[in-house]
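J.: Quick one: structure below, then a few questions.
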Amino acid sequence: MNKFVVNLNTKLESIKKVQDDLEYWSARELMPLLGYKEWRKFEGVINKSLDACKASGQKIGDHFVGSAKKVSLGSDAEREINDFLLTRYACYLVAQNGDPRKQEIAYAQTYFAVQTRKQEINEQLSYEDKRLKSRRKLKQTEEKIEQTVYERGIKLPVEFATFKDKHIRALYGGIGIKELKKKRNIPEKRALADFDTDVELRAKDFALAMTDHNIKAKDLTGKPKLEKEVVENSKATRQVLLKRGIKPEILKPEEDIKQIEKRKAKEKKLQNGKAKLLN
């Protein structure tokens, strides 16, 4: 790596700011590092980037935030100038729309493309971990409520299957487990929850946890009362989702949890193998 690249990389990192885990750059500070001397010309690049952001389906306000910056004019005088706060993705678009003849732009295109991809991978890994955690939590809650209702009148496996289906129908606007599996192309013998989004897993856990609590608090017994309680709590949970603009029945299935578990186990095995080689 030549001195120019090392130097530019260091400068790009040095002007990066972080707030609430969000990285951003000041357009004014970025401008000279990308080989621009005049704000007028650089602002033209930003305007092109705004169009590119809109065309990509992203919200401009999520990546480009108009700002103002005070600069010293000497003798304690200051003047306010326009600025933009740019996310990593915004910087990537600025580099893509910059003058390709500039050496700084050529490097910045690579730098921000790599950094953006790293962020995407980290976000995906983070979401996978959330789903795995939520799935484990739901499984624990399901086991807990199965024991609770077993002690209070729902004894047979077919009765618990009906209890669970009523919970799903109440949460998904009348759609049962079999219908959802068919709609989402999920194998009949696989658990529906293994393909749920994180928000669905949490919603199911919340509804069943409330049901378990209320069954014990109200000392409910008998199949009709137990089923009525799970339906009421599942409907209440559905209303919370709907108020936030989430219709669970139209959400798309996620990657199979079992596949994620296998992949992570394989990655852990490889990491352990590398660690042994280094020791």
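Counting from 36, one number per residue, gives the positions in the sequence shown under this note's numbering.
Just so it is clear, CB atoms sit at the ideal spot from N, CA and C, and this is done for glycine as well.
Values in this document were obtained by computation on a predicted structure and should not be read as measured data.
Using CA coordinates, which residue listed in V265, K253, L255 and L227 is at the minimum distance from A244?
T.: Comparing Cα positions, the closest option is V265.
J.: How would you write the range of the beta strand (DSSP E) that Q54 sits in, first residue to last?
T.: Run containing Q54: K52 to Q54, per the beta strand (DSSP E) assignment.
J.: My understanding is that D118 touches A62, with C-beta atoms under 8 Å, so please give their C-beta distance in whole angstroms.
T.: Correct: roughly 6 Å between the Cβ atoms.
J.: When DSSP labels each residue in this structure, what does I295 get in the three-state scheme?
T.: Note: I295 maps to helix in three-state DSSP.
J.: Within 8 Å, do at least three Cβ pairs link the stretch 76 to 87 to the stretch 129 to 139?
T.: In short, these stretches touch, since the Cβ pair count reaches three.
J.: In three-state terms, what does DSSP make of A244?
T.: Three-state result, A244: helix.
J.: Thinking C-alpha only, which one of Y124, R136, K297 and R171 is nearest G96?
T.: Of Y124, R136, K297 and R171, the residue nearest in Cα terms is Y124.
J.: I need the boundaries of the alpha helix (DSSP H) containing L128, first residue and last residue.
T.: Start and end: R123 to Q131.
J.: Taking three-plus beta-carbon pairs below 8 Å as touching, is the stretch 236 to 243 in contact with the stretch 193 to 207?
T.: Yes, they touch.
J.: In whole angstroms, what separates the C-alpha of L65 from that of G92?
T.: When rounded, the distance between both Cα atoms is 24 Å.
J.: Less than 6 Å between C-beta atoms, sequence neighbours within five positions excluded: which residues of the same chain meet that for N44?
T.: Cβ within range, chain order: n/a, list empty.
J.: Could you spell out the range, first to last residue, of the beta strand (DSSP E) harbouring S61?
T.: S61 -> beta strand (DSSP E) spans L57 to S61.
J.: Going by C-alpha distance, which of E235, I189, K213 and Q150 is nearest R225?
T.: For R225, the nearest C-alpha among the options comes from K213.
J.: Round the Cβ separation of F198 and I189 to the nearest angstrom and send it over; I've been treating them as touching at under 8 Å.
T.: The pair is a contact, with the Cβ atoms about 6 Å apart (cut-off 8 Å).
J.: According to DSSP, simplified to helix, strand and coil, what is A90?
T.: Of the three classes helix, strand and coil, the one that applies to A90 here is helix, per DSSP.
J.: Where does E235 sit, in a helix, a strand or coil, going by DSSP?
T.: Here E235 sits in helix by DSSP.
J.: Sort A148, W60 and E115 by Cα distance to H98 and report the nearest one.
T.: That would be W60, whose Cα lies nearest to the Cα of H98.
J.: In angstroms, rounded to a whole number, what distance separates the CA positions of E267 and L191?
T.: Approximately 22 Å, taken between the alpha carbons.
J.: Return the bridge partner residues of A103 from the DSSP annotation.
T.: Answer is N117.
J.: When DSSP labels each residue in this structure, what does P283 get in the three-state scheme?
T.: In this structure, P283 counts as helix in the three-state DSSP scheme.
J.: Please work out which residues of its chain come closer than 6 Å, Cβ to Cβ, to T176, disregarding the five sequence neighbours upstream and downstream, and give them in chain order.
T.: So the qualifying residues of the chain are D240, L243 and A244.
J.: Pick helix, strand or coil for D164, following the three-state DSSP scheme.
T.: Correct three-state label for D164: helix.
J.: Measuring CA to CA, which of K51, P288 and L68 is closest to N220?
T.: It is P288.
J.: Buried or exposed: which applies to T145, given that a residue is buried once 16 or more other Cβ atoms fall within 10 Å of its Cβ?
T.: Burial call: exposed.
J.: At which residue ranges does the stretch 155 to 231 contain complete alpha helix (DSSP H) runs of 4 or more residues, listed in the order of the chain?
T.: Within the stretch 155 to 231, the complete alpha helix (DSSP H) runs of at least 4 residues are 192 to 206 and 212 to 218.
J.: Kindly indicate which three-state DSSP category R273 falls into: helix, strand or coil?
T.: DSSP places R273 in helix when its eight states are reduced to three.
J.: Since D97 is in the alpha helix (DSSP H), which residue starts that stretch and which ends it?
T.: I95 to H98 is the span of the alpha helix (DSSP H), which, as asked, contains D97.
J.: Buried or exposed for D86, please, with buried defined as at least 16 other CB atoms from any protein chain shown within 10 angstroms of its CB.
T.: Its Cβ having fewer than 16 others within 10 Å, D86 is exposed.
J.: Please identify the residue among L261, E194 and R166 whose C-alpha is closest to the C-alpha of E235.
T.: Nearest option by C-alpha distance: R166.
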